[in-house]
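Take 537 as the starting number for the sequence shown in my numbering and just add one per residue. Where a beta carbon is used, it is the ideal one built from N, C-alpha and C, also for glycine.
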Amino acid sequence: MIYQSTRSKALKADSLQAVLKGLAPDGGLYLPQQIDTIAFDWKCTLTEDTQAIAVRVLSALLPDFNNMPQLVEQAYTGKFETEELTPTVPVGEDYVLELFRGPTSAFKDVALSMLPQLLCAAKAQTGDTDTTLILTATSGDTGKAALAGFADVPGVRIVVFYPEEGVSPVQKAQMVTQAGANVQVCAVKGNFDDAQTGVKRAFAACAAGALPADSGVELSSANSINIGRLAPQVTYYFKAYADLVRANRITAGDPVDFVVPTGNFGDILAGYFAKKLGLPVGMLVCASNANNVLTDFLTTGCYDRRRPFHKTDSPSMDILVSSNLERLLYLVTKGDTDAVAQWMNSLNEEGAYTVPQGVLEKLKEEFWAGCCSDIDTALTIKEVWDAHGYLMDTHTAVAWNVAQQYKKAVGADRPVVVLSTASPYKFPAAVLAALCPQQQLTGDGFDQMEQLQSLTGVPVPKNLSGLRQRAVLHKDCIRPDQLLDYVLEAAKKN
């Protein structure tokens, strides 16, 4: 299968090279040239288990990889709380797709358990003997999941950058205690967009010669800009749909709406990929917090990052530059790389761009958008707990709240699946405050985890319960303008 950059028809790669490189040389993102023409029998997934669905989906999107069944088995067997990986749970009249049952209690585990397998397989098939240096910016969850996936993987080093004050204490503890001879973790003085922009600029500078061609090091990414990170996420849309069929909630062919808490736009884009492969996805609902740049864009057609940045109780969505939106624009414009390149250049240089009305109308046919404040997020956590005995984290609560907005606005009567992206124990202070709004919080994040468990009876995931005792191994902190130098120093450790 031929992949190409979203910004240039001339820059092409097969799926092996797309995974190895992560980012196209021009800064664009790799996409299959003809995703609409991929032959895929989605009905076969209705009777298959999760790993079999993953093999089918990944073989369709990444066909150049040999022995995909073995790669999937190595990625997932014995690593999740349940063999089905991502359970679909009824909550009231809706459903919650639990994506946090993996080794780091976040939805990123589904993809970042798979990406190391894909990367190593790509290196082996292509005869690549260089050290792969993974650069990753994280708003909280990607960092730990990537570190856990790549720790001590031969031929790979990984550097994770996170906003110094932009992740929860539990998320930070997960990252800075990560062991592994090939891992580095570094705080960035700024927000996630500062870290993400710095990583993109480092890629560009290294491609332009800052990293010598004979260094023995090549860069790649574990963010969802890497198609090897994005493709595995498509699997759980098919899994959720099959769950509803098996529960006799729908008949095969009935549309299902999915509501996704969205920051970098990768998770919801995976749903769009599933729809392109034939899955009867109805509306994809984009749920944002106070950083509602996506809500505004999908409503008006104007993407404008020139706005206040809000630190919220759902920090993994505190993002103003949503990288994967670029892939969607490529798809809805039928591969107009010139237009995409122009919009991305305007975003980089001017901070904004506006798509034509025709493009906006196409987006509105597929996507609905809403946002939710911290106050309403807290109210939602308590309301759902009181009404249904279901405990959700802040990001899931944003999505649940927007799901109710959507149903009220459009009168939708078909099944709604809310994607739950993290365990509530990754954000214990916010969840505890929501359940007990009159009670003053005491202790640190680990004390609050214990208090939350005592209050609700919901067990703390094993991977989080022992964090307090782990030694801090990573203490680096830099300014955004120091990021390239930090990367070059990391490359010298090859």
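Can you name the residues that DSSP bridges to residue i?
{"i": "residue 807", "result": "Answer by DSSP bridge pairing: none, since residue 807 is not bridged."}
{"i": "residue 540", "result": "548, 567"}
{"i": "residue 904", "result": "821"}
{"i": "residue 954", "result": "632, 795"}
{"i": "residue 754", "result": "668"}
{"i": "residue 778", "result": "Bridge partners of residue 778: none, in fact."}
{"i": "residue 889", "result": "839"}
Whose C-alpha, out of the options, is nearest the C-alpha of residue i?
{"i": "residue 568", "options": "578, 687, 545", "result": "545"}
{"i": "residue 646", "options": "1026, 770, 826", "result": "770"}
{"i": "residue 720", "options": "698, 857, 891", "result": "698"}
{"i": "residue 776", "options": "751, 738, 741, 817", "result": "817"}
{"i": "residue 582", "options": "619, 759, 778", "result": "778"}
{"i": "residue 963", "options": "957, 930, 936, 955", "result": "930"}
{"i": "residue 855", "options": "836, 865, 843", "result": "843"}
{"i": "residue 846", "options": "866, 937, 813, 908", "result": "908"}
{"i": "residue 723", "options": "748, 630, 1009, 632", "result": "1009"}
{"i": "residue 666", "options": "752, 679, 605, 622", "result": "752"}
{"i": "residue 668", "options": "891, 876, 553", "result": "553"}
{"i": "residue 904", "options": "804, 961, 886, 541", "result": "804"}
{"i": "residue 890", "options": "938, 681, 832, 923", "result": "832"}
{"i": "residue 543", "options": "976, 866, 1001, 959", "result": "866"}
{"i": "residue 616", "options": "566, 681, 740, 629", "result": "681"}
{"i": "residue 1023", "options": "869, 740, 624, 932", "result": "740"}
{"i": "residue 716", "options": "696, 725, 726, 727", "result": "696"}
{"i": "residue 603", "options": "656, 811, 974, 687", "result": "656"}
{"i": "residue 763", "options": "980, 566, 927, 1016", "result": "566"}
{"i": "residue 767", "options": "802, 1020, 888", "result": "802"}
{"i": "residue 1000", "options": "984, 1014, 992", "result": "984"}
{"i": "residue 1029", "options": "541, 632, 537, 694", "result": "694"}
{"i": "residue 643", "options": "630, 538, 772", "result": "772"}
{"i": "residue 924", "options": "793, 628, 588", "result": "628"}
{"i": "residue 850", "options": "872, 825, 860", "result": "825"}
Note the first and the last residue of the continuous alpha helix (DSSP H) segment covering residue i.
{"i": "residue 981", "result": "981–992"}
{"i": "residue 729", "result": "728–741"}
{"i": "residue 917", "result": "910–924"}
{"i": "residue 1022", "result": "1019–1028"}
{"i": "residue 961", "result": "Here residue 961 belongs to no alpha helix (DSSP H), and DSSP marks it neither H nor E."}
{"i": "residue 936", "result": "930–946"}
{"i": "residue 786", "result": "Run containing residue 786: none; DSSP gives neither H nor E here."}
{"i": "residue 769", "result": "Per DSSP, residue 769 belongs to no alpha helix (DSSP H) and is neither H nor E."}
{"i": "residue 998", "result": "998–1001"}
{"i": "residue 709", "result": "705–712"}
{"i": "residue 1005", "result": "Run containing residue 1005: none; DSSP gives neither H nor E here."}
{"i": "residue 611", "result": "604–612"}
{"i": "residue 868", "result": "861–868"}
Considering residue i, what are the terminal residues of the beta strand (DSSP E) in which it resides?
{"i": "residue 795", "result": "792–797"}
{"i": "residue 723", "result": "719–724"}
{"i": "residue 589", "result": "Counting along the chain, residue 589 falls outside any beta strand (DSSP E), though it belongs to the alpha helix (DSSP H) covering 586–597."}
{"i": "residue 627", "result": "624–627"}
{"i": "residue 1014", "result": "1012–1014"}
Is any heavy atom of the ligand HEM found at a distance shorter than 8 Å from the C-beta of residue i?
{"i": "residue 781", "result": "The ligand HEM is absent from the structure shown, which contains no ligands of any kind."}
Query raised in the report: Which ranges would you report for the alpha helix (DSSP H) in the stretch 636–702 if only whole runs of at least 4 residues count?
Result: 644–648, 651–662, 677–686
Query raised in the report: So, do the stretch 669–686 and the stretch 724–735 have three or more beta carbon pairs nearer to each other than 8 Å?
Result: By the C-beta criterion, the stretch 669–686 is judged to be in contact with the stretch 724–735, since at least 3 inter-stretch pairs fall below 8 Å.
Report task. Please determine if the stretch 578–596 and the stretch 700–709 are in contact, where contact requires at least 3 C-beta pairs separated by less than 8 Å. Result -> no
Query raised in the report: Between the stretch 940–960 and the stretch 813–824, do three or more beta carbon pairs fall short of 8 Å?
Result: yes
Query raised in the report: For the stretch 821–846, which segments carrying the alpha helix (DSSP H) assignment without a break, of at least 4 residues, lie completely within its bounds, in sequence order?
Result: 829–836
Query raised in the report: Should the stretch 966–976 be regarded as contacting the stretch 913–926, the criterion being three or more beta carbon pairs within less than 8 Å?
Result: yes
Query raised in the report: Quick check: the stretch 551–561 against the stretch 572–587, are there 3 or more CB pairs under 8 Å?
Result: no
Query raised in the report: Counting Cβ pairs, one atom from each stretch, are 3 or more of them under 8 Å apart for the stretch 796–813 and the stretch 869–884?
Result: The stretch 796–813 vs the stretch 869–884: no contact.
Report task. Could you say if the stretch 646–659 and the stretch 755–764 meet the contact criterion of at least three C-beta pairs nearer than 8 Å? Result -> yes
Query raised in the report: Is the number of C-beta pairs between the stretch 779–795 and the stretch 944–954 that are closer than 8 Å three or more?
Result: yes
Query raised in the report: For the 8 Å Cβ check, are there 3 or more pairs between the stretch 734–746 and the stretch 709–717?
Result: no
**Report entry** Segment contact flag, the stretch 892–906 with the stretch 919–927, C-beta cutoff 8 Å, min 3 pairs
**Finding:** no
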